[in-house]
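There are 2 protein chains.
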Amino acid sequence: MIRSIHHVNIVVRDLEAAIGCYERVLGLAVTRRDELPERGARLARFRLGGSWLVLVQPTRADSVPGRFLAAHGEGLFLLSLGVASLEAEFDRLGPGAADGEVRSGADGWLVRDLARGSTCGALLQFCEDAQAG
Amino acid sequence: MIRSIHHVNIVVRDLEAAIGCYERVLGLAVTRRDELPERGARLARFRLGGSWLVLVQPTRADSVPGRFLAAHGEGLFLLSLGVASLEAEFDRLGPGAADGEVRSGADGWLVRDLARGSTCGALLQFCEDAQAG
Chain A
580 MIRSIHHVNI
590 VVRDLEAAIG
600 CYERVLGLAV
610 TRRDELPERG
620 ARLARFRLGG
630 SWLVLVQPTR
640 ADSVPGRFLA
650 AHGEGLFLLS
660 LGVASLEAEF
670 DRLGPGAADG
680 EVRSGADGWL
690 VRDLARGSTC
700 GALLQFCEDA
710 QAG
Chain B
580 MIRSIHHVNI
590 VVRDLEAAIG
600 CYERVLGLAV
610 TRRDELPERG
620 ARLARFRLGG
630 SWLVLVQPTR
640 ADSVPGRFLA
650 AHGEGLFLLS
660 LGVASLEAEF
670 DRLGPGAADG
680 EVRSGADGWL
690 VRDLARGSTC
700 GALLQFCEDA
710 QAG
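Protein chains in written order, with the numbering used here: chain A, 580 to 712; chain B, 580 to 712.
In structure tokens:
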């Protein structure tokens, strides 16, 4: 069962500049910062109702967000849908629905990307977040 | 006050094909369809918790979503943030924060885009939705 928009990722060139920009637009202080070296990214996020808006600055040009930034420039990058169980959702969708394996996101979130062929071109993933209840 | 992720728009080439694709991925039936001739778009949306995922098929190449599709291909297009009052938020941000005027979205939503200079390149808007309470 898909429960929510868990988070939306926006790729930015300069995290500190983007934090200033989004703090102003949202009228909110940044909630939390994280480093994800294995993803090649530095993150900052804002709580918006039951969802998160996550700013992602690539730290390596050859990372997934780094390649996205080079190809598309700054902007909306990835939509992460909250699920109760990654395993149950990928079992439901059957073979070929996933792109890659389960990985750890920020804050213990478990995420797994959907194959582009399942999503009409958008970069989507499922996210299992024990803290989301 | 920014209250929520009100909706996320995904631009698609073929709305019927995309509805089939997203009904499968989400395990949900499409909630509603709309035509927005003045925006040059045909829409279908899914309820996800307190947010909407909206598929947008351009009906004219010279519309905003049509130009996005031509430039970027299918994918994440626009993030719409739920606010209690458009007027109050743009008053708070001051001159130059808006791109264009207030317009009517699907289902009586009132939306107004943010100038790209305020958002580090992402296409963002505020949305006032009387039904969101």
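Even glycine gets a Cβ: it sits at the ideal position worked out from N, Cα and C.
Handout entry: Candidates A:T638, A:A596, A:L622, A:A677: closest to A:R612 by CA position
Key = For the purposes of this step, residue 612 of chain A is identified with residue 33 of the first sequence, where counting begins at 1. For the residues A:T638, A:A596, A:L622, A:A677, the minimum Cα distance to A:R612 belongs to A:L622.
Handout entry: Limits of the unbroken beta strand (DSSP E) element including A:R611
Key = On the first sequence, residue 611 of chain A is found 32 positions in, with the first residue counted as 1. Run containing A:R611: 611 to 615, per the beta strand (DSSP E) assignment.
Exercise for the section: With a 10 Å radius around its C-beta and 16 neighbouring C-beta atoms as the bar for buried, classify B:Q710 as buried or exposed. Expected result: Position 131 of the second sequence, counting from 1, holds the residue named residue 710 of chain B. Exposed.
Exercise for the section: Give every residue of the same chain whose Cβ lies closer than 7 Å to the Cβ of B:S664, excluding the five residues on either side of it in the sequence, and list them in chain order. Expected result: As a first step, residue 664 of chain B is located in the second sequence; it is residue number 85 there, counting from the start. Cβ neighbours of B:S664 beyond the five flanking positions: E707.
Handout entry: Simplified DSSP state of A:S583, which is helix, strand or coil
Key = Reading the first sequence from its first residue, position 4 is the one you call residue 583 of chain A. Three-state DSSP puts A:S583 in a strand.
Problem - Heavy atom of the ligand FMN within 7 Å of A:A596 beta-carbon - result: The ligand FMN is not part of the structure shown, which contains no ligands of any sort.
Problem - Uninterrupted beta strand (DSSP E) stretches inside the segment 587 to 640 of chain B (no shorter than 3 residues) - result: 611 to 615, 620 to 627, 630 to 637
Practice task
Would you please verify whether the beta carbon of B:A575 is less than 8 Å from any beta carbon of chain A?
Solution key: Lying before the first or after the last residue shown, residue 575 of chain B is absent from chain B, which here runs from 580 to 712.
Practice task
Consider the Cβ of A:A597: report whether some Cβ of chain B lies at a distance smaller than 8 Å.
Solution key: Within the first sequence, the letter at position 18 stands for residue 597 of chain A. Yes, A:A597 lies at the interface with chain B (some Cβ there is under 8 Å from its Cβ).
Practice task
Mind the definition here: the segment 580 to 592 of chain A touches the segment 650 to 667 of chain A only if three or more C-beta pairs lie below 8 Å; say whether that holds.
Solution key: yes
Exercise for the section: Return the Cβ separation of B:S630 and B:I598 in integer angstroms, given the expectation that the two are a contact with Cβ distance under 8 Å. Expected result: As a working note, residue 630 of chain B is residue 51 in the second sequence. As a working note, residue 598 of chain B is residue 19 in the second sequence. Between B:I598 and B:S630 the Cβ distance is about 18 Å, and since that is not below 8 Å, they are no contact.
Exercise for the section: Take A:V681 as the anchor and find which of A:D692, A:D593, A:T610, A:R671 has the nearest alpha-carbon. Expected result: As a first step, residue 681 of chain A must be located in the first sequence, where it is residue number 102. Of the candidates A:D692, A:D593, A:T610, A:R671, the one whose C-alpha sits nearest the C-alpha of A:V681 is A:D692.
Practice task
Would you decide whether A:F618 is buried or exposed? Buried here means 16 or more other CB atoms lie within 10 Å of its CB.
Solution key: Locating residue 618 of chain A in the first sequence gives position 39, where the first residue counts as 1. One point to set straight first is that residue 618 of chain A is Arg, not Phe, in the sequence displayed. Buried.
Practice task
Pick helix, strand or coil for A:L703, following the three-state DSSP scheme.
Solution key: For the purposes of this step, residue 703 of chain A is taken as residue 124 along the first sequence, with counting starting at 1. DSSP places A:L703 in strand when its eight states are reduced to three.
Exercise for the section: State yes or no: is the C-beta of B:L607 within less than 8 Å of the C-beta of B:F625? Expected result: In the second sequence, counting from the first residue as 1, residue 607 of chain B sits at position 28. In the second sequence, counting from the first residue as 1, residue 625 of chain B sits at position 46. Going by C-beta atoms, B:L607 is nearer than 8 Å to B:F625.
Problem - Cα-Cα separation between A:G696 and B:G673, rounded to whole angstroms - result: Sequence index remark: in the first sequence, residue 696 of chain A carries index 117 (1-based). Sequence index remark: in the second sequence, residue 673 of chain B carries index 94 (1-based). Each residue's Cα considered, the two are about 42 Å apart.
Practice task
Helix, strand or coil for A:S642, going by three-state DSSP, please let me know.
Solution key: The residue given as residue 642 of chain A occupies position 63 in the first sequence. Coil.
Problem - B:D686 versus B:V633: straight-line alpha-carbon distance, rounded - result: By one-based count along the second sequence, residue 686 of chain B stands at place 107. By one-based count along the second sequence, residue 633 of chain B stands at place 54. Cα-Cα distance, rounded: 12 Å.
Practice task
Output yes if chain A places a C-beta closer than 8 Å to the C-beta of B:V591; else output no.
Solution key: The count along the second sequence starts at 1 and reaches residue 591 of chain B at position 12. Output row for B:V591: interface = yes.
Problem - For B:E666, the three-state DSSP class (helix, strand or coil) - result: Position 87 of the second sequence holds residue 666 of chain B. The answer is helix: DSSP assigns B:E666 an H, G or I state.
Handout entry: Contact with chain A by B:L693, beta-carbon distance below 8 Å
Key = Here residue 693 of chain B refers to the residue found at position 114 of the second sequence. At least one beta carbon of chain A lies nearer than 8 Å to the beta carbon of B:L693.
Exercise for the section: Verify the CB distance criterion: does A:R612 have a CB-CB separation below 8 Å to chain B? Expected result: Within the first sequence, the letter at position 33 stands for residue 612 of chain A. No, no contact with chain B.
Practice task
Apply the 10 Å Cβ neighbour rule to A:G654 and answer buried if 16 or more other Cβ atoms are within range, or exposed otherwise.
Solution key: Position 75 of the first sequence, counted from the start, is the residue given in the question as residue 654 of chain A. By the 10 Å Cβ count, A:G654 comes out buried.
Handout entry: is_contact[A:V681, chain B] using C-beta, thresh 8 Å
Key = The residue given as residue 681 of chain A occupies position 102 in the first sequence. No, no contact with chain B.
Practice task
Name the two residues that bound the continuous beta strand (DSSP E) containing B:E680.
Solution key: Sequence index remark: in the second sequence, residue 680 of chain B carries index 101 (1-based). That run of the beta strand (DSSP E) goes 677 to 683.
Problem - Proximal residues of chain B, C-beta to C-beta of A:R582 below 7 Å - result: For the purposes of this step, residue 582 of chain A is identified with residue 3 of the first sequence, where counting begins at 1. Result: G628.
Practice task
Tell me whether A:G687 sits in a helix, a strand or coil according to DSSP, three-state version.
Solution key: Walking along the first sequence from the start, residue 687 of chain A turns up at place 108. DSSP places A:G687 in helix when its eight states are reduced to three.
Practice task
Below 9 Å between beta carbons is the criterion; list the residues of the segment 652 to 663 of chain B that meet it against any residue of chain A, in chain order.
Solution key: Listed in sequence order: G652, E653, G654, L655, F656, L657, L658, L660, G661.
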